[in-house]
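Novice: Residue numbers for the first sequence, in full-length UniProt numbering: 1 to 295. Beta carbons are placed, not taken as given, at the ideal position from N, Cα and C, and that holds for glycine. Being a predicted model, the structure only gives us computed values, none of them experimental. The structure follows.
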Amino acid sequence: MPELPEVETVRRGLAPHVEGAEILSVALNRADLRFPFPPDFAARLAGRRIERIERRAKYLLFRLSGGLTWLGHLGMTGSFGFADRLLAEPTRYRPSAPAGRHEHVVVQLRHPREGRLALVYADPRRFGFMDLLEEDEKSPYLAGLGPEPLSNAFSAESLAERFAGRRGPVKAALLDQRVVAGLGNIYVCEALHRAHIRPDCAAGALVLKSGRAGARLDRLADGVRTVLVEAIEAGGSTLRDFRQADGGEGYFQHRFAVYDREGEPCPTPLCTGTVRRIVQSGRSSFFCPVCQKGP
DNA sequence: AGACGGACCTGGACGC
DNA sequence: TGCGTCCAGGTCCGTC
1 MPELPEVETV RRGLAPHVEG AEILSVALNR ADLRFPFPPD FAARLAGRRI
51 ERIERRAKYL LFRLSGGLTW LGHLGMTGSF GFADRLLAEP TRYRPSAPAG
101 RHEHVVVQLR HPREGRLALV YADPRRFGFM DLLEEDEKSP YLAGLGPEPL
151 SNAFSAESLA ERFAGRRGPV KAALLDQRVV AGLGNIYVCE ALHRAHIRPD
201 CAAGALVLKS GRAGARLDRL ADGVRTVLVE AIEAGGSTLR DFRQADGGEG
251 YFQHRFAVYD REGEPCPTPL CTGTVRRIVQ SGRSSFFCPV CQKGP
């Protein structure tokens, strides 16, 4: 669920409340999420200070004192929040309140300005996971990731390199985190619409014979960047589960051009098309058959 | 290597 | 009301 803009929204929401805070204790309400927690997870976090919170692709990285990194992935339904609306009234925390059925991790914090906070990780489907990395330890989760789409490493040419020779659909190629990191089903559909490329077009067919990018991949790289930037500015998209760290909703879902809009008119100016849904490798793709073109 | 389907989970929406 | 079916933003793994 949460794609790059939602994870970035969570990061921005958490940062002012957790950066500089000391971890007093960590309570696990079960032994695993998608995977088991790493050995001594709670004990290794306790006593550390959270120095910064960063994001790579869809991963949150809490940089801790002593060189430890706490890595978290939200899966489809993971969320971070503060118990009892602590953001508004930090004194009302009740340590004895029973954890909700899906509140799997509770981190007690002491923040220099805000005092005691309880940071809660909830995840109904438990597709999320957490890990700990020592300084310089390479994470297998981060190792193969492609360029950050909002960095200079991402461009039409970086797409051309990775698309070359691929016969599978461009939809699948953009979902491949080794090609570009952080996109999911929603923003791939939206980026392809902006670039006027059909999701079932072969990825390799978008690369020029010379191996260079060309106008179509220029538009695609541009579509990826602009949709992500606009979604981050809107605070992400709230469908079913996603909430910002303060419980608020994102607003980008109101601006989807095609995602979950089957049967609605294509919003491209002057386009007469109707949004269609197809299934590709088991997942819905939404596109306009009139203004989005194949090879 | 690349492509595909299934698996991992729960809950909400829908149809009968 | 209740039950069954389908669907969902992600990733990993086995198989072809």
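Look at the alpha carbon of Leu24 and the alpha carbon of Ala42, and state the distance between them as a whole number of angstroms.
Specialist: Within the first sequence, residue 24 is the residue found at index 24, counting from 1. Within the first sequence, residue 42 is the residue found at index 42, counting from 1. The alpha-carbon atoms of Leu24 and Ala42 are separated by roughly 10 Å.
Novice: Under 8 Å, with one C-beta from each stretch per pair, do the region 117 to 125 and the region 188 to 196 reach the 3-pair mark?
Specialist: no
Novice: Whether or not the region 171 to 184 and the region 254 to 274 are in contact is what I'm after, with contact meaning three or more pairs of Cβ atoms, one per stretch, closer than 8 Å; do they touch?
Specialist: no
Novice: Identify which residue in Ala57, Cys201, Val105 has its Cα closest to the Cα of Arg167.
Specialist: Counted from its first residue, the first sequence places residue 167 at position 167. Considering only alpha carbons, the answer is Cys201.
Novice: Compute the beta-carbon to beta-carbon distance between Tyr59 and Tyr141, rounded to the nearest angstrom, for a pair I have assumed lies under 8 Å.
Specialist: If you number the first sequence from 1, residue 59 lands on position 59. If you number the first sequence from 1, residue 141 lands on position 141. That pair is a contact at about 7 Å.
Novice: Cα-Cα, which of Cys291, Phe37, Ile53, Glu22 is closest to Ala46?
Specialist: As a working note, residue 46 is residue 46 in the first sequence. Selected option, being the one with the closest Cα: Glu22.
Novice: Would you report the Cα separation of Glu190 and Val227, rounded to the nearest angstrom?
Specialist: The residue labelled residue 190 in the question sits at position 190 within the first sequence. The residue labelled residue 227 in the question sits at position 227 within the first sequence. Taking the Cα positions, Glu190 is about 7 Å away from Val227.
Novice: Which whole runs of the alpha helix (DSSP H) in the UniProt domain "FPG-type" (257 to 293) are 4 residues long or more, in chain order?
Specialist: none
Novice: From the DSSP output, which residues share a beta bridge with Tyr59?
Specialist: Residue mapping note: residue 59 aligns to position 59 of the first sequence, counting from 1. Tyr59 pairs with Arg56, His73.
Novice: Are Arg52 and Glu19 touching if we call contact CB-CB under 7 Å?
Specialist: Here residue 52 refers to the residue found at position 52 when the first sequence is read from its first residue. Here residue 19 refers to the residue found at position 19 when the first sequence is read from its first residue. Yes, they are a contact pair.
Novice: Using DSSP bridges, identify the partner residues of Ile50.
Specialist: Against the first sequence, residue 50 aligns to sequence position 50. DSSP, once it has assigned bridges, lists Leu64 as partnering Ile50.
Novice: Could you pull out every residue in the same chain whose Cβ sits closer than 6 Å to the Cβ of Leu183, ignoring the five residues on either side in sequence?
Specialist: The residue you call residue 183 lines up with position 183 of the first sequence. Only Leu174 meet the Cβ criterion.
Novice: Does the region 57 to 77 come within contact of the region 124 to 139, defined as at least 3 CB pairs closer than 8 Å?
Specialist: yes
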